[in-house]
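**Q** What follows is a single structure, and I will ask about it in a moment.
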Amino acid sequence: MGSQLSFILGFFGLFLLHKLVPIMFQSHTTQPKVHYYDFVLKDSNFTRLCSTKSMLTVNESFPGPTIRVRKGDTAIINVHNYGRYGVTIHWHGVKQPRNPWYDGPENITQCAIRPGHNFTYVVFFTAEEGTLWWHAHSDWTRATVHGPIIILPALGTTYPFPQPYEEHTIVLGSWFKGDVMSIISEAMYTGGRPNSSDAHTINGQPGDLYPCSNQTTYRLKVKPGKTYLLRIVNAVMDVEIFFGIANHNLTVVGQDGSYLKPVTTDYISTTSGQTFDVLVTTNQDPSLYYMIASPLFDGQYTPFDNSTSTSILEYEGDYTPPSTPVFRFLPGCNDTDAAVSFSKRLRSLASKEYPIDVPKTITTTMLITTDMNHIPCPNKSCAAHGDRLASSLSNFSFVTRPIDILQAYTRNLSDIYTTDFPDVPYVIYNFTGGKGNASEYTTPATRVKMLNYGEQVEMVFQGTTIVGPESHPMHLHGYSFYVVGLGYWNFDYGSDPVSFNLIDPPKVNTIMVPAKGWVAIRFVADNPGAWLMHCHLARHLIVKNGPSNDTSIRPRPSYMPSCSSS
């Protein structure tokens, strides 16, 4: 699993840009609705694992509040920051057509909302349907600042599967006994990895396998013989997660806000940032059954949180409950094959009602390595090492600039970034067989990839072993993309494209690049803006404006947060 430090030093992402148009709202009852939310960021006390700590949350809840809309609706969210740090909010998986100003990543599309200030986001739900999520996008604040987004079918339409009896949201998270900002600050000081989490959580609770957690374990009460829709969000910080329910099959029908052909399985594998829609039928004898979340971590020689979180599926009815709920074992903590096997089973619905359009005439091809590297500490200043652990894309790590990249692009500021992010790594070697002649040191830079509007893009993400093999969850802002291929070892341009799925590949916004493996994705650059591509364990693309106002970035809001620290 990619380093936790990658959320700070990050993968150098990629950007895309277009143009600007006024925002308008319609109030007719037959039209899509506008929903209003107030998010109040403040420190609140929470007790877990026998101790109490103060941490930053939204509206004093962990996980945070749910945004619930229909496809085609708009949400206006006023974020009030009463915390100690600057924060931004990202609407993970929402396309935000021509609207990058409200996408949220700090130093990419905006500067932070400073303590004591507020900022209002306008979020358009135009193409997504299913489950997504929102989270803070400033350093490690997303560990405690996150929540679900539910996008119901547009009025007059229904699910492409039978209406479930009920719907419930399952948020998988991480719990740290310490202050998360102190943890990452300590890692920056020492040059090493941040401490692992102390527990995994299901809807904010570790579960009864952890100390002092028996009475607070999350319980989902169900009726026998009914089908329930579980909306699963992976907000975990530092590992991938296997999820399953004892003695029950799961039918996966959606991922990342798009529908899938139904897949029946006894577990799902989900990487940080992914969301799934899963049907569960309560067809077992009335009893108590564990819902289980256990980790997958394929890094070498690296400590991680190898604990298991539980919640309880509780049947209603007249029966004597067992002293212990029914348990089941999920794939092991190093079973990458189980994760890859699950991912390869997923296919887009690709029906008449839910068509897909996989790019076939590729105009831009990129091979991007996902690397773990080192960066020298100035004057060997790191306390424990002379170098700091870092991560990169094609051996470039993102450097934060004094203003955000989107502002620099729209103002034509030439000294903030360069447009020379390479289409292939400068050094080609046996990516999965050691570092070869590649340097273990990454190059700090602010490089972007420029894409013309309408380009058909293919990207291959290639895992490497420069410092050590680890899988990496890659997330693209402003777009969903088709996962056309997935495999182990080095990508082969001669043989691997033959097996690409161009008929019904899943359409997602986050994908796991396996350790010592690769993933191939395709998308059309039809959403102008500066969009971040990064490893979700914690950094780009610029797509240029198209030929008209409707294919160009909307105007910059007048009330964007100031980049000045004063």
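When you line the sequence shown up against mature numbering (1 follows the signal peptide of the UniProt record, and there is no 0), it's residues -22 to -1, 1 to 544, in that order. For each residue, glycine too, the CB sits at the ideal point set by N, CA and C.
Using 10 angstroms around the beta-carbon of residue 190, count the other beta-carbons present and answer buried if the total reaches 16, otherwise exposed.
**A** Counting Cβ neighbours within 10 Å, residue 190 comes out exposed, since fewer than 16 surround it.
**Q** Restricting to Cα atoms, I'd like to know which of 186, 85, 352 and 353 is closest to residue 114.
**A** If we check each option's Cα against that of residue 114, 85 comes out closest.
**Q** Buried or exposed: which applies to residue 199, given that a residue is buried once 16 or more other Cβ atoms fall within 10 Å of its Cβ?
**A** So residue 199 ends up on the exposed side.
**Q** Taking the alpha-carbon positions, what's the residue 2 to residue 407 distance?
**A** Note that residue 2 has pLDDT 36, beneath the 50 cutoff, so the model's placement of it is unreliable and no number is given.
**Q** Please list the segments of the alpha helix (DSSP H) lying wholly inside the stretch 299 to 366, counting only runs of 4 or more residues, in order along the chain.
**A** Segments of the alpha helix (DSSP H) lying fully in the stretch 299 to 366: 314 to 322.
**Q** Buried or exposed for residue 78, going by 16 or more other Cβ atoms inside 10 Å?
**A** Classification for residue 78: buried.
**Q** Taking C-beta to C-beta, are residue 438 and residue 503 nearer than 7 angstroms?
**A** Cβ atoms of residue 438 and residue 503: not closer than 7 angstroms.
**Q** Can you grab the Cα-Cα spacing for the pair residue 317 / residue 390, in whole Å?
**A** Whole-angstrom Cα-Cα distance: 44 angstroms.
**Q** To which residues of the same chain is residue 493 closer than 6 angstroms at the C-beta, ignoring the five residues directly before and after it?
**A** Cβ within range, chain order: 276, 441, 447, 448 and 449.
**Q** Could you check if residue 370 is buried or exposed, using at least 16 other CB atoms within 10 Å of its CB as the buried criterion?
**A** Residue 370 comes out buried.
**Q** Quick one: residues in its chain with C-beta nearer than 8 angstroms to the C-beta of residue 246, no 5 flanking neighbours on either side, listed in chain order?
**A** Closer than 8 angstroms at Cβ, skipping near neighbours: 210, 220, 221, 222, 228, 230, 254, 256 and 320.
**Q** What residues match up with residue 22 in a beta bridge as DSSP calls it?
**A** Residue 22 pairs with 33.
**Q** According to DSSP, simplified to helix, strand and coil, what is residue 248?
**A** Strand at residue 248.
**Q** Within 10 angstroms of the Cβ of residue 107, are there 16 or more other Cβ atoms? Answer buried if so, exposed if not.
**A** When all chains shown are included, residue 107 counts as buried.
**Q** DSSP three-state call for residue 394: helix, strand or coil?
**A** Residue state, collapsed to three classes: coil.
**Q** Thinking C-alpha only, which one of 136, 443 and 192 is nearest residue 26?
**A** Measuring from the Cα of residue 26, the nearest candidate turns out to be 192.
**Q** Have a look at the DSSP bridge pairing and note the partners of residue 112.
**A** Partner(s): 69 and 125.
**Q** Does the beta-carbon of residue 476 have 16 or more other beta-carbons within 10 angstroms, so that it is buried, or is it exposed?
**A** Label assigned to residue 476: exposed.
**Q** Would you identify the three-state DSSP class for residue 387, choosing helix, strand or coil?
**A** Correct three-state label for residue 387: helix.
**Q** Output the distance between the C-alpha atoms of residue 394 and residue 304, rounded to the nearest integer angstrom.
**A** Distance between the alpha carbons of residue 394 and residue 304 is about 57 angstroms.
**Q** Compare the beta carbon distance of residue 64 and residue 10 with 7 angstroms and say whether it is the shorter of the two.
**A** For residue 64 and residue 10, no; Cβs fall outside 7 angstroms.
**Q** Enumerate in chain order the residues of its own chain whose CB-to-CB distance from residue 546 is below 6 angstroms, with the five nearest sequence positions on each side excluded.
**A** Beyond the ends of the chain as shown, which are -22 and 544, falls residue 546; an answer cannot be given.
**Q** If you check the beta carbons only, do residue 36 and residue 100 fall under 7 angstroms apart?
**A** No.
**Q** Label residue 540 either buried or exposed according to how many other C-beta atoms from any shown protein chain fall within 10 Å of its C-beta, with 16 as the threshold for buried.
**A** Classification of residue 540: exposed, given that the 10 Å Cβ count is below 16.
**Q** For residue 212 versus residue 196, is the C-beta spacing smaller than 7 angstroms?
**A** No; because the gap between Cβ atoms is not below 7 angstroms, this pair is not in contact.
**Q** Put residue 118 into one of helix, strand or coil per three-state DSSP.
**A** The answer is coil: DSSP assigns residue 118 none of H, G, I, E or B.
**Q** DSSP three-state label for residue 215, please.
**A** Residue 215: coil per DSSP, three-state reduction.
**Q** In the DSSP assignment, what residue or residues form a beta bridge with residue 96?
**A** Bridge partners of residue 96: 58.
**Q** Would you call residue 537 buried or exposed, if buried means 16 or more other Cβ atoms sit within 10 Å of its Cβ?
**A** With fewer than 16 other Cβ atoms within 10 Å, it is exposed.
**Q** What does a CB cutoff of less than 7 angstroms around residue 313 pick up in its chain, not counting 5 residues either side in sequence?
**A** Within the same chain, residue 313 has close Cβ partners 274.
**Q** Restricting to Cα atoms, I'd like to know which of 46, 496 and 472 is closest to residue 54.
**A** It is 46 whose Cα lies nearest to the Cα of residue 54.
**Q** Buried or exposed: which applies to residue 201, given that a residue is buried once 16 or more other Cβ atoms fall within 10 Å of its Cβ?
**A** Looking at its Cβ environment, which holds fewer than 16 other Cβ atoms inside 10 Å, residue 201 is exposed.
**Q** Run through DSSP, which three-state label would residue 417 get?
**A** Here residue 417 sits in coil by DSSP.
**Q** Between 435, 110, 96 and 88, which has its C-alpha nearest residue 43's C-alpha?
**A** Checked all of 435, 110, 96 and 88; the closest Cα to residue 43 is 110.
**Q** Measure the C-alpha to C-alpha separation of residue 547 and residue 243 and round it to an integer number of angstroms.
**A** The displayed coordinates of the chain run from -22 to 544. Any statement about residue 547 would go beyond what the structure contains.
**Q** To the nearest angstrom, report how far apart residue 457 and residue 296 are at their CA atoms.
**A** Roughly 49 angstroms between the two C-alpha positions.
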